[in-house]
Every structure is written in structure tokens, then in C-alpha cells.
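Some notes on the structure that comes next.
Chains as they are written, first to last, in this note's numbering: chain A, 1 to 218; chain B, 1 to 444.
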């Protein structure tokens with residue numbers, strides 16, 4: 001009978017109202033932090049029952065409920081990578097598209113590393129990328145349009161803009177950003193955006209070796 | 001201080017001989033390290049002199065022999081003794097003292113066990129002597145005087161070590177990028193500070209006996225009330241106070257420094273990670289590849305060694321697909337529109353295209369002429385050039401503006417050019433309605 005408290009979160013009366021929602025969000029890949037998605041109760045509930053919820057996901061779905069950030073920047077998410085030895089069959093696995101990884105990292109660079117803190121919209125990001133980061137923009141354009149030219153054209157620009165907009169829509173789905181209004185342009189940066197970089201932490205730390213390997217391969 | 005002897009006045013005259021300059025001092029210490037109290041000959045001294053000059057990066061000169069000779073002569077004033085018969089040298093007692101003291105300070109470091117023993121000895125002898133007539137004075141001379149500098153020195157050594165650690169810390173930070181394992185170095189400094197702090201704590205324990213000594217001193221004060229001892233008692237208790245507070249300071253300083261080092265290591269790790277992140281981003285941009293998947297569909301893949309990341313289970317959750325009635329109801333027949341070719345419209349379009357191409361050619365022609373002009377002449381006065389275009393293009397202002405725009409844009413983007421615009425209005429009598437700023441394009 002000791003095990004009866006394992007899933008203690010279920011005994012909380014609030015669970016009836018919000019657990020289904022939390023479960024749906026988490027398993028859709030959404031990151032849950034204090035500010036978003038609302039209501040804040042979602043975050044507080046996970047925060048309160050983290051251990052017991054973690055056990056629940058591990059036992060039932062063989063996936064890992066993880067936490068990232070610290071204190072005020074804390075966020076929760078299901079780490080499908082860690083749990084991939086578990087119960088998900090390959091055809092259902094959803095990977096973050098290469099284009100989105102690259103665009104996300106580029107945005108992270110402009111916003112966080114280079115301190116363009118005024119960026120608060122997708123169009124703002126595109127404007128700065130196109131006007132101040134020519135080299136990066138052209139590299140991205142080459143990848144997206146699968147061409148080798150350094151020249152730009154309206155058509156190619158449109159393709160790049162289109163993919164960037166789709167990427168941010170995906171970031172919104174993951175709750176790495178939160179749209180500020182209905183036009184899906186202005187957004188608020190969420191603490192969980194950092195997850196993108198942390199997912200690739202081992203590769204970032206070993207970047208010198210990666211570059212060497214690729215160079216030797218050629 | 002003592003019977004008319006003025007240390008300052010006396011020392012002023014002999015200072016340079018008593019306290020050697022850096023190079024000479026190092027020669028003396030090096031000799032001491034190698035030969036100690038044993039004898040050595042002049043060739044051996046010269047060998048050491050030359051090794052040290054080389055080590056300090058001083059070039060050899062033609063006057064080397066003379067230099068060596070001068071050094072050997074001056075060292076004989078206080079440090080070395082030369083046996084005229086055997087022509088061998090050994091240290092004078094002042095020289096030995098000098099070297100031993102430095103050796104002790106630098107090498108032996110500290111030993112809490114010894115200190116504890118010394119204090120216990122001080123305490124015990126004081127206990128024994130306090131009841132004897134004149135015992136306290138004897139204690140001061142025979143025990144306290146001898147030991148107290150040695151004890152103070154121990155704390156100074158610890159303090160010195162903290163200072164050295166901080167110095168090294170600053171040095172390492174400045175070296176920044178050049179030192180790859182800087183985090184390791186900083187962690188070592190942190191570790192060393194931790195060790196020093198432990199030592200300070202141990203020393204504090206060893207110094208506990210000072211409280212006992214203080215107690216005895218109070219006792220003496222109360223029991224004997226002798227004016228004679230008052231000054232000495234005050235001196236001892238002041239000394240005790242000092243050592244205790246100095247030790248406290250060492251610990252406090254370490255407590256203040258440590259979090260800053262932590263913070264720096266954290267920042268550095270973060271900065272290092274940021275720098276690597278940047279490189280990673282360029283790696284993604286430059287090494288991702290367009291490939292075809294199993295269905296021959298074009299997909300963009302991350303570079304070798306960078307795996308795609310799972311972010312969800314796409315269809316694990318129940319989803320409702322909404323289908324509008326329109327999509328499943330039978331389709332209404334669609335009227336097929338007939339295509340009619342409008343020849344006039346086609347001709348119009350062809351003419352439009354021709355004009356457009358012509359305009360494009362003209363813009364390219366004039367722009368090249370302008371740019372070439374700057375390269376050839378070193379400068380182009382753009383204002384008359386603009387009116388020349390207008391007159392040759394029969395006053396077509398639209399084309400003139402487009403050309404001006406193109407020329408200005410190209411010149412501003414050209415690293416070899418500089419554009420000089422003055423707020424001075426230029427007119428041309430053929431085009432009275434048009435004015436523009438005075439503008440010149442220079443080749444740098």
C-alpha cells in the first residue's frame with residue numbers, strides 16, 4: 001500500500017481541472033513556463049508535483065519530464081530524446097526541421113549573443129537579418145533555395161521569409177515564444193528558447209572536432 | 001632607540017653592501033643553495049654569475065670579466081669570506097643569516113603543530129615563572145622575545161599567499177583567450193585559496209592558547225599590580241590581539257575573493273559556450289546539405305555529426321480532423337472558360353517590354369559611364385553630369401532619377417569611393433524647374 005502516494009498529484013483537486021490540459025500540452029511538445037502558456041496554474045501544478053509527475057510519465061509512457069532554466073526562468077517539457085528508448089514508434093517521431101534549427105540558432109545569435117534586444121517581431125528579425133547580416137542571410141538563402149549564387153532576388157527573398165515565418169510558428173507551438181497578438185508577428189521571447197541551444201550542447205562543446213571531421217571528410 | 005646609536009644614519013652609509021641588489025642577491029642565494037656552509041672556488045662563483053645573467057636575459061658583454069670581478073669583490077664586504085692561502089670562499093655569518101632567513105620564509109611555509117607547541121611552551125613557562133620574583137621579566141626576554149616574531153611571520157606567510165593568489169588570478173584573466181585551460185587554472189587558484197583558509201582556521205586553533213596567556217597576564221596584573229610590568233603586559237596582550245585579528249582578516253579576505261572567482265569561472269564558461277555557439281551556427285550555415293530522402297523529396301540535412309532532435313510525437317495524441325461538407329459532397333460541374341488571344345494587347349505588352357529593356361540598358365550605360373569617369377578622372381562632378389543625362393535623354397526626368405539613384409547607391413557601396421554632398425543648390429538654365437544639391441564623387 002506504500003505505492004498509493006506515488007502519483008500524489010492525482011489526489012489534488014486541481015488535477016481534475018488542469019491535468020488533462022497539462023498532459024496534452026506536454027505530450028504535444030509544449031514547454032511550460034510561468035509566463036506561458038497561461039494560466040500560470042499549469043506551471044505551478046507541475047512545479048508542485050514535479051517528482052510525482054516525472055514518475056508518472058516514466059512509468060506510463062517511458063518518457064522523461066524534464067526541467068530547464070533556474071528559478072524564475074524555469075520551464076518544464078518532455079524530453080522525447082531521452083525517452084526515445086521508450087514506447088514511441090519511429091513513424092510517430094517528430095524531428096525539429098533543419099531549417100528551423102538553423103533559423104532558431106540565428107535568431108538566438110542576433111537576439112541574445114549579439115544583443116539585438118529590440119527584436120520583438122518576426123518582421124523585425126527579418127529586417128535586421130537582411131540588412132545587417134548579409135553573409136548569414138545569403139548562407140541561409142543558399143540552403144533554403146538550394147542555389148549557389150550570392151545574388152538575391154525577390155522570389156528567393158520570399159522563400160526565405162516564408163520559411164522564417166513557418167519556423168517562428170513552430171517555435172510558438174513549442175512555446176519557445178508567445179505571440180503577442182493575432183497577426184502572428186509580434187512575440188515575447190520565452191525562457192525555454194534556450195532549450196534549442198541546450199539540445200545541441202554536446203555538439204557545441206565539441207564544435208572544433210566536428211569542423212575537423214567535416215574538413216577531413218572532404 | 002638604544003644608547004645614541006642611530007640605525008638610520010648608520011644604515012644609510014652601508015645600505016648597498018648590507019642589502020644586495022637583485023642580481024647580486026640572487027647570486028648569493030644561488031651560491032647558498034649549491035654550497036651552503038661548504039667552500040667553493042672563484043670559477044664556481046663565476047659560473048653561477050654567468051648562469052644568472054643568462055637566466056635574467058642579460059646579454060654578455062665584452063666587459064664580462066671586469067663585471068664578474070667587481071661582483072666578487074663587493075660580495076666579500078659582508079657576505080663571502082676568501083681564504084688567501086687556499087683561495088677558497090665560504091659564507092660569512094651575515095651571509096648565512098641572510099640566506100637562511102629568506103630560505104625559511106619562502107620554503108618552510110607554516111606549521112600549525114609547531115606553532116601550537118611554541119604557544120604551549122610560552123604558556124607553560126609563563127605559568128611557571130609568574131610566581132617567581134622577576135619571573136615575568138625573564139619570561140619576556142627568554143621566551144616571548146625569541147618566539148613572537150616567528151609566530152607573526154607565520155601569519156604573514158599566509159597573507160602573502162593570498163596576495164600571490166590574487167595576483168595570479170589577475171594575470172590569468174588578462175591572458176584570457178591565449179590560455180586554453182583558463183578555467184582549470186582558475187579552479188586551481190580557488191582550490192589554493194580554500195587550502196589557505198583551512199590553514200588559517202588551523203592556525204586560529206593553534207592561537208587559542210593566546211587567550212590562556214591573556215588570562216595569566218590579567219592574573220599577574222591583579223595579583224602583583226606592579227607598574228614595572230605594565231608596559232610589557234600590554235605589549236604581549238597587544239601582540240595576542242594583533243595575531244588573532246590578522247588571522248581573522250586572512251579568512252575574511254578569502255571569503256570575499258572566492259565568490260568573485262566562482263562568478264568569473266561561471267561567466268567564462270558561459271562566454272566560452274557563447275563563442276562555441278557562434279562557431280556552431282556558422283558550421284550549420286555552411287555545412288548543412290540539401291539531399292533527397294527515400295521518396296526523392298528534397299530535404300535539408302544538418303551537417304555530419306549533428307543529429308536531428310525529437311521534439312514531439314506527431315500522431316500519438318487523438319486528433320480530430322475537420323472536413324468541410326464541401327469536400328465530401330459531390331462536386332458541381334465547373335464551366336470551362338474559353339481562351340481568347342487578344343493581338344492588340346499582345347503587341348502592347350511587347351512594346352512595353354521593349355521600352356522597359358531599353359530603359360534598363362540606358363540606366364546601365366549611364367551608370368557605367370559615371371563610375372568609369374570616377375575611376376579615370378579621380379573625381380566626378382555629378383551635378384553637371386546629371387543635366388547632361390537630362391539633355392541627352394530629352395528631359396526624361398524619370399530615367400534621370402533612376403540613374404542618379406543607381407550611381408549614388410553604387411558609389412556609397414564602393415569602398416574606393418567617397419561621396420561629398422554640399423547643401424548648395426545647382427541649377428541648369430535648360431531645365432529651370434530642376435534643382436539638385438552639389439554632389440561630387442571622389443576616388444580615394
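Glycine residues also receive a C-beta, built at the ideal position from the N, C-alpha and C atoms. Since the model is a prediction, treat every value here as computed from it, not as a measurement.
Under 8 Å between C-beta atoms of residue i and residue j
i                      : j                      : result
residue 30 of chain A  : residue 302 of chain B : no
residue 244 of chain B : residue 210 of chain B : yes
residue 88 of chain B  : residue 37 of chain B  : no
residue 284 of chain B : residue 190 of chain A : no
residue 413 of chain B : residue 371 of chain B : no
residue 152 of chain A : residue 141 of chain A : yes
residue 185 of chain A : residue 131 of chain A : no
residue 52 of chain B  : residue 23 of chain B  : yes
residue 308 of chain B : residue 96 of chain A  : yes
residue 213 of chain A : residue 304 of chain B : yes
N-terminal and C-terminal residue of the beta strand (DSSP E) that residue i is part of
i                      : result
residue 90 of chain B  : 89–91
residue 68 of chain A  : 64–68
residue 52 of chain B  : Note, residue 52 of chain B: premise wrong, no beta strand (DSSP E); alpha helix (DSSP H) at 42–55.
residue 422 of chain B : 417–427
residue 95 of chain A  : 93–95
residue 312 of chain B : 310–313
Residue i (DSSP reduced to helix, strand or coil)
i                      : result
residue 1 of chain A   : Because residue 1 of chain A carries a pLDDT of 41, less than 50, the predicted location of this residue cannot be relied on, and the following value inherits that uncertainty. Three-state result, residue 1 of chain A: coil.
residue 19 of chain B  : coil
residue 149 of chain A : coil
residue 63 of chain B  : coil
residue 14 of chain B  : helix
residue 447 of chain B : It is not possible to answer for residue 447 of chain B, since the shown part of chain B is limited to 1 through 444.
residue 132 of chain B : coil
residue 1 of chain B   : Note that residue 1 of chain B has pLDDT 46, beneath the 50 cutoff, so the model's placement of it is unreliable and no number is given.
residue 121 of chain A : strand
residue 131 of chain A : helix
residue 334 of chain B : coil
residue 25 of chain B  : helix
residue 38 of chain B  : coil
residue 231 of chain B : helix
residue 7 of chain A   : coil
residue 200 of chain A : coil
residue 208 of chain B : coil
residue 192 of chain B : helix
residue 159 of chain B : helix
residue 339 of chain B : coil
residue 274 of chain B : helix
residue 137 of chain A : helix
Sheet register partners of residue i (DSSP bridge)
i                      : result
residue 178 of chain A : A:188
residue 33 of chain A  : A:75
residue 381 of chain B : B:440
residue 80 of chain B  : B:91
residue 299 of chain B : B:291
First through last residue of the alpha helix (DSSP H) which encompasses residue i
i                      : result
residue 25 of chain A  : 14–27
residue 360 of chain B : 343–377
residue 193 of chain A : Element bounds for residue 193 of chain A: n/a, residue is neither H nor E.
residue 53 of chain A  : 50–61
residue 403 of chain B : 397–413
residue 434 of chain B : Residue 434 of chain B -> no alpha helix (DSSP H), and no H or E assigned at all.
residue 236 of chain A : Chain A is shown from 1 up to 218; residue 236 of chain A falls before or after that span and cannot be answered.
residue 211 of chain A : 207–217
Interface partners of residue i on chain E, CB under 7 Å
i                      : result
residue 279 of chain B : Among the chains of the structure shown, chain E does not appear; the protein chains present are A and B.
Proximity test, residue i beta-carbon vs the ligand NAP heavy atom, cut-off 7 Å
i                      : result
residue 261 of chain B : The ligand content of the structure shown is nil, which means the ligand NAP is not present either.
Contact between the stretch 126–135 of chain B and the stretch 70–80 of chain B (3+ Cβ pairs under 8 Å): no
Meets three-Cβ-pair contact criterion under 8 Å: the stretch 192–205 of chain A and the stretch 68–83 of chain A: yes
Stretch pair the stretch 157–167 of chain B + the stretch 122–132 of chain B: three plus CB contacts closer than 8 Å: no
The stretch 154–163 of chain B contacting the stretch 193–200 of chain B, beta-carbon criterion three pairs below 8 Å: yes
Stretch-stretch touch, CB-based, cutoff 8 Å, three pairs: the stretch 375–390 of chain B with the stretch 419–439 of chain B: yes
The stretch 235–250 of chain B touching the stretch 150–159 of chain B, judged by at least three CB pairs closer than 8 Å: yes
Contact between the stretch 420–435 of chain B and the stretch 383–400 of chain B (3+ Cβ pairs under 8 Å): yes
Cβ contact check for the stretch 32–51 of chain A and the stretch 161–180 of chain A: 3 or more pairs under 8 Å: yes
Sufficient close CB pairs (3 or more, under 8 Å) joining the stretch 5–20 of chain A to the stretch 37–46 of chain A: yes
Validate contact between the stretch 258–266 of chain B and the stretch 204–219 of chain B using beta carbons, cut 8 Å, 3 pairs: no
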